[in-house]
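The structure is reproduced here in structure tokens:
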């Protein structure tokens, strides 16, 4: 069993892309299921095979604990860990070869809770990849791109799974913007040039260049894959990520 965890900042388009990926998998006739782990999701762009909302009711948590939406989300995140054995059992009963996990909208509630690694490991056989979405609104500026890479590196450090960086909603960007962002990821010196170009020596420049050097040192620069949940751009690249991570690029179908 191979597991794809779709992670990213709120509004990056995780649910849409996860749903689009399952649609692509269905078209290719791959055996897959999709799991919703966001108890706060009001509307989904897909029909989940397994839905955490069957175990966790955010409105009920708010009433019982007299909490607002944010507080209820935190409680729900901890409850998620307690329900993982049941979710895992259902996943096993489906017996699908590929499992698509749509993680909670607020990334900190999935990636940075104490039980985060236990949740992830409990839902996979260890053969998992992180599909990390880069929000195009942030990714199109040098500082925003660096910030997203730093967050992605932190998430990968937490989970210790292979990661594929994907540029979500690429249909909202011009071709020039897409080419610039992918060039930053494949040829880091272009990003460095973009950081330093036309900037005086300021605290901001110093911070940005130091962040850049740190990212280069730990080796987080890798190809960013443009994706679109509308026309299914990039879906094959996401699928290939698990092959490259665990099978040396050989076809695992």
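Residue numbers (the working numbering): 658 to 910.
C-beta atoms are modelled at their ideal positions from N, C-alpha and C, and glycine is treated no differently.
- DSSP links residue 877 through a beta bridge to no other residue.
- Excluding residues up to 5 positions away in sequence, 671, 760, 764, 767, 768, 787, 788, 789, 790, 812 lie with their Cβ nearer than 8 Å to the Cβ of residue 664 in the same chain.
- For residue 665, the enclosing beta strand (DSSP E) begins and ends at 659-665.
- For residue 747, the closest alpha carbon among the candidates 829, 864, 693 is that of 693.
- Scanning its chain for C-beta atoms nearer than 7 Å, with the 5 sequence neighbours on each side dropped, one finds around residue 682 the residues 689, 755, in chain order.
- Linking residue 843 to residue 837 through their CA atoms gives a straight-line distance of about 10 Å.
- The stretch 684-734 is shown to contain whole beta strand (DSSP E) runs of 3 or more residues at 689-693, in chain order.
- As the crow flies, the alpha-carbon of residue 877 is around 43 Å from that of residue 720.
- Going by DSSP, residue 828 is part of no beta strand (DSSP E) at all; its letter is neither H nor E.
- For residue 791, the pairing in a beta bridge is given by DSSP as 824.
- The secondary-structure analysis by DSSP pairs residue 846 with nothing; it has no beta-bridge partner.
- Put simply, the backbone Cα of residue 740 is about 20 Å away from that of residue 699.
- Between the beta-carbon of residue 866 and that of residue 875 there is about 15 Å, and that puts the pair past the 8 Å contact cut.
- For residue 894, no beta strand (DSSP E) segment is defined; the enclosing uninterrupted segment is the alpha helix (DSSP H) at 892-904.
- Residue 882 places its beta carbon less than 9 Å from that of residue 824.
- Burial check for residue 870: the Cβ neighbour count within 10 Å stays below 16, so the residue is exposed.
- One thing to note: residue 744 has its Cβ within 9 Å of the Cβ of residue 709.
- In summary, residue 713 is buried, with 16 or more beta-carbon neighbours lying within 10 Å of its beta-carbon over all protein chains present.
- For the options 816, 806, 808, the alpha carbon positioned closest to that of residue 780 is the one of 816.
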